[in-house]
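Asks:
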Amino acid sequence: MRTLIVGLGNPILGDDGVGWRIAQSLQENVALPPDVEVICLALGGISLMEALVGYERVILVDSITTHRAPNGTVTLHKLAEFENPAYGHMSSAHDTSLQNALKIGRELGAQLPEEIMVVAIEAEKVYDFSEELTPTVAAAIPKSVEMIQKILSTGNPSNPHDTDHAYN
Amino acid sequence: MQRISIDPITRLEGHGKIDIFLDDEGNFANSYFQIPELRGFERFCVGRQVEEVPILTNRICGVCPEAHHMAGAKAVDAVYHVDPPRTAKMLRELLYMAFYCTDHTTHFYALAGPDFIIGPDAPVAERNILGVIHKVGLEIGGKVIQMRKYGHTVIEMIGGRKVHPCTSIPGGLTKGITKEQREEIEKMGRWAIEFAQFSLQVFNDIVLGNKGYVDLILGDIYTHHTHYIGLVDDNNKVNFYDGKVSVVDPEGKRLGKYAPNEYTEWIAEHVEPWTYLKFPYLKKVGWKGFIDGKESGVYMATPLSRLNAADGMATPLAQAEYEKFYSTLGGKPVHQRLAIHWARLIELLYAAERWVELATDPEITSDNFRTLPTEKPTEGVGIVEAPRGTLTHHYTTDERGVTTKVNLIVGTTNNYAALQMSTKKAAQNLIKKGTPVTEGMLNMVEMAFRAYDPCFGCATHSLPGQMPLEVSIHDVNGKIINVLKQNC
């Protein structure tokens, strides 16, 4: 299955760079199947959608701020679980949400993955300029890599919210 | 006193929000448009090898990394006292034209489009790019995506990467382009010209063909008489990559032009206690407060400003549109802020035409794309026109080329005073005693600043993405008496 793993975030905004670091760890330390590609992106909305064209399966890896779990908690979600933030007002002044962008792409006939999984790492320090991760978030890198390897070897988990997939 | 807060989430520059204060009777009292600071980005860039800064500033924002890369590259050239060869300048400008085409396209169809094509009062769930595509036709979405694809392709060919270019170095570029790439770039540029003409036709049919929209554009709510600035070439034609910054007064009289290294003689910053961000103003005119007119140093730097500050466009098709623009809107300068959207499309056409001009220059495929710096690094300023305003990068280094000071005046910052005035005027005109504050009304206040294409930076997307909009109404004691939420 042609798979794309996307490390998302901004590498100079502290823990927001965790997605990149996980992607880089996968590239450097894991022997991936030939149909799996890994990239790092600082994109959203339409640009991110454009990067996903042609893949059958996509795993986004990004920081998440829910304030409902300790920093460094790794969880697995489906993109469809997240609310679509792009309605009306300028939730982004220059773009639309990834969900809307995917709808546009599909309506235009682009080959986009049916399901997009999200490996999310709870983090709070995502607004401060730094190239370093906080220790608790950095500790999530091996757990996240392990989770992604499990997804790659077993296919899409039927219930992403299964507690088996929450790594604390 | 009551407070209404329009508070969208943003990233690098933090929250941008509008607080509207009502008096005890429910009438408009005042409003404040807050854009918090850049959160120490300039400090973060100090102590680094200066040639690294154009790559770092790429990360300020996911919207216009190309603009920061270009302003940074020019500043680094100046730091090293090196003049890149003609081919390098042309290649950088070519990349920049491709970027302009993608950025202006996205703005018009994803941001301005919903207001004008769907309508400012349309149901909130329809007022987005999907709604635009459904209303105008599916093929329009395909064209938008195609335009973006072509733009990204050129950016990658010259800039090394699709989004965050990395090939500009002191004195030029790390690589040139092949003859085959040139041919492909030219072909895509010719398509871009047709697309820009198509977009102007859409604007003509849907916006100018609707009296309600024309009245909205020409109405007083969205009009301010300020100074305007914009980069121009030697013939005083609009230029995005190089030249001097032209400054005109509210009557259109040119006060002068400044070179990048003269910017501190022209621009000063005013501080207000209620916001972290400073308000740039014209030093030679002086700060007189948030007021219109020749005596006020408030200026604007947007597509409309660039057209107002120049004598015309440097390419024929864009020049014809420029002339139509001013003849339709009653002469120069145009002060109606919503006309920025139209000006942006004229710039789109210029960028596409310039793209082809550069792609067909015989020297564009030359191998002479770098001049090796030989001078000791000191200090330098680089200015380009970012899509949303004049962008200034100023770096100072020690003799090793390590930065000791970095100052950035980003596009939106230029417009801060004008944005404050525009949002205040719109709120003042729309929010009245006894009239319920509706979502459509708040959208019309937002339209006042959306025209400026404000950039609050959003290179990152820590999930769950953007926070929903929340409108809080406070009573005189600060107690929340009502909260309007969207999709929370």
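These protein sequences, in sequence, are chains P and L.
Residues -5 to 162 in my numbering are what the first sequence spells out, letter by letter.
Residues 47 to 534 in my numbering are what the second sequence spells out, letter by letter.
We put the beta carbon where it would ideally sit given N, CA and C, even for glycine.
Going by Cα to Cα distance, which pick from 137(L), 497(L), 402(L) and 427(L) is closest to residue 125(L)?
Replies: Nearest C-alpha to residue 125(L): 427(L).
Asks: For residue 141(L), which residues of its own chain have a beta-carbon under 6 Å away from its beta-carbon, when the five flanking residues on both sides are left out?
Replies: Closer than 6 Å at the Cβ level, and outside the excluded window around residue 141(L), lie 201, 204 and 205.
Asks: Just to check my reading of the structure: residue 197(L) and residue 148(L) have Cβ atoms closer than 8 Å, yes? What is that Cβ distance to the nearest angstrom?
Replies: About 3 Å separates the two Cβ atoms, so the contact holds.
Asks: Listing by chain order, which chain L residues have their CB less than 8 Å from the CB of residue 65(P)?
Replies: By Cβ distance, chain L contributes nothing, its closest Cβ being about 12 Å from residue 65(P), past 8 Å.
Asks: Rank 240(L), 77(L), 366(L) and 270(L) by C-alpha distance to the C-alpha of residue 497(L) and give the top, closest one.
Replies: When each option's Cα is compared against that of residue 497(L), the closest is 270(L).
Asks: For residue 408(L), count neighbouring C-beta atoms within 10 Å of its own C-beta (all shown protein chains included) and say buried if the count is 16 or more, exposed if not.
Replies: When all chains shown are included, residue 408(L) counts as exposed.
Asks: Tell me the DSSP secondary structure of residue 273(L) in three-state form.
Replies: Looking at residue 273(L) - three-state DSSP - the assignment turns out to be strand.
Asks: For residue 23(P), go through chain L and note every residue whose CB falls closer than 7 Å to its CB, in chain order.
Replies: In chain order: nothing, as chain L lies at least about 24 Å away.
Asks: Distance check for residue 411(L) and residue 228(L), CA to CA, integer angstroms please.
Replies: Roughly 7 Å between the two C-alpha positions.
Asks: Using a Cβ-Cβ cutoff of less than 6 Å, which residues in the same chain neighbour residue 383(L) once the five nearest sequence positions on both sides are dropped?
Replies: Counting only Cβ-Cβ distances below 6 Å, and skipping sequence neighbours, we find 268, 468 and 497.
Asks: Measure from the alpha carbon of residue 386(L) to the alpha carbon of each residue in 102(L), 239(L) and 249(L), then state which is nearest.
Replies: For the residues 102(L), 239(L) and 249(L), the minimum Cα distance to residue 386(L) belongs to 249(L).
Asks: Could you give the distance in angstroms between the alpha-carbon of residue 9(P) and the alpha-carbon of residue 434(L)?
Replies: Spanning the two alpha carbons is a distance of roughly 29 Å.
Asks: Over what stretch of residues does the alpha helix (DSSP H) that includes residue 103(L) continue unbroken?
Replies: Residue 103(L) -> no alpha helix (DSSP H), and no H or E assigned at all.
Asks: If you run the structure through DSSP and keep just helix, strand and coil, what is residue 149(P)?
Replies: Of the three classes helix, strand and coil, the one that applies to residue 149(P) here is coil, per DSSP.
Asks: Between which two residues does the alpha helix (DSSP H) containing residue 51(P) stretch?
Replies: Careful: residue 51(P) lies outside any alpha helix (DSSP H), inside the beta strand (DSSP E) at 51 to 58.
Asks: Shorter than 8 Å from the beta carbon of residue 36(P) to some beta carbon of chain L?
Replies: So, interface residue.
Asks: Would you mind giving the Cβ-Cβ distance between residue 98(P) and residue 176(L), rounded to the nearest angstrom? I have them listed as a contact below 8 Å.
Replies: At roughly 6 Å, the Cβ-Cβ gap stays under 8 Å, so residue 98(P) and residue 176(L) are in contact.
Asks: Among 495(L), 456(L), 473(L) and 88(L), whose alpha-carbon lies nearest the alpha-carbon of residue 123(P)?
Replies: Answer by Cα proximity: 88(L).
Asks: Determine which residues share a DSSP beta bridge with residue 345(L) and list them.
Replies: In the DSSP output, where bridge partners are listed per residue, residue 345(L) has 273(L).
Asks: Less than 8 Å between the C-beta atoms of residue 38(P) and residue 16(P), yes or no?
Replies: Contact flag unset, no.
Asks: At a CB-CB cut-off below 9 Å, which residues of chain L make contact with residue 98(P)?
Replies: Result: 175, 176, 179, 187, 190 and 191.
Asks: Closest by CA to residue 444(L), which one among 92(L), 192(L) and 368(L)?
Replies: Here the closest residue by C-alpha is 92(L).
Asks: If you draw a straight line from the C-alpha of residue 68(L) to the C-alpha of residue -5(P), how long is it?
Replies: Going by the C-alpha atoms only, they are around 58 Å apart.
Asks: Starting from the N-terminal side, write out each stretch of the beta strand (DSSP E) that is 3 residues or longer and does not extend beyond the region 87 to 144 of chain P.
Replies: Segments of the beta strand (DSSP E) lying fully in the region 87 to 144 of chain P: 110 to 116.
Asks: Return yes when the Cβ of residue 4(P) is within less than 8 Å of the Cβ of residue 36(P), no when it is not.
Replies: Their beta carbons are under 8 Å apart, which means residue 36(P) touches residue 4(P) by this criterion.
Asks: Once DSSP output is grouped into helix, strand and coil, what is the label at residue 352(L)?
Replies: Residue 352(L): helix per DSSP, three-state reduction.
Asks: Could you tell me the distance, in whole angstroms, from the CA atom of residue 464(L) to the CA atom of residue 471(L)?
Replies: Spanning the two alpha carbons is a distance of roughly 11 Å.
Asks: The beta strand (DSSP E) spanning residue 315(L) covers which residue range?
Replies: It spans 313 to 316 - the beta strand (DSSP E) in which residue 315(L) sits, taken as one unbroken run.
Asks: When burial is assigned at 16 or more other CB atoms within 10 Å of the CB, is residue 209(L) buried or exposed?
Replies: Per the 10 Å Cβ criterion, buried.
Asks: Relative to the C-alpha of residue 429(L), which candidate in 328(L), 449(L) and 454(L) has its C-alpha closest?
Replies: Nearest C-alpha to residue 429(L): 454(L).
Asks: From the beta carbon of residue 150(L), is the nearest beta carbon of chain P less than 8 Å away?
Replies: So, not an interface residue.
Asks: Since residue 69(P) meets chain L, which of its residues come closer than 7 Å, beta carbon to beta carbon?
Replies: Ordered by position in chain L, no residue passes the 7 Å Cβ test against residue 69(P), which lies about 10 Å from the chain.
Asks: Taking the Cβ atom as the reference point for each residue, do residue 139(L) and residue 122(L) lie within a distance shorter than 8 Å?
Replies: For residue 139(L) and residue 122(L), no; Cβs fall outside 8 Å.
Asks: Quick check on residue 300(L): does DSSP put it in helix, strand or coil?
Replies: The answer is strand: DSSP assigns residue 300(L) an E or B state.
Asks: Spatial neighbours of residue 134(P) within its chain, please: C-beta separation below 6 Å, excluding the five flanking residues on both sides.
Replies: Closer than 6 Å at the Cβ level, and outside the excluded window around residue 134(P), lie 66, 68 and 115.
Asks: When burial is assigned at 16 or more other CB atoms within 10 Å of the CB, is residue 414(L) buried or exposed?
Replies: With fewer than 16 other Cβ atoms within 10 Å, it is exposed.
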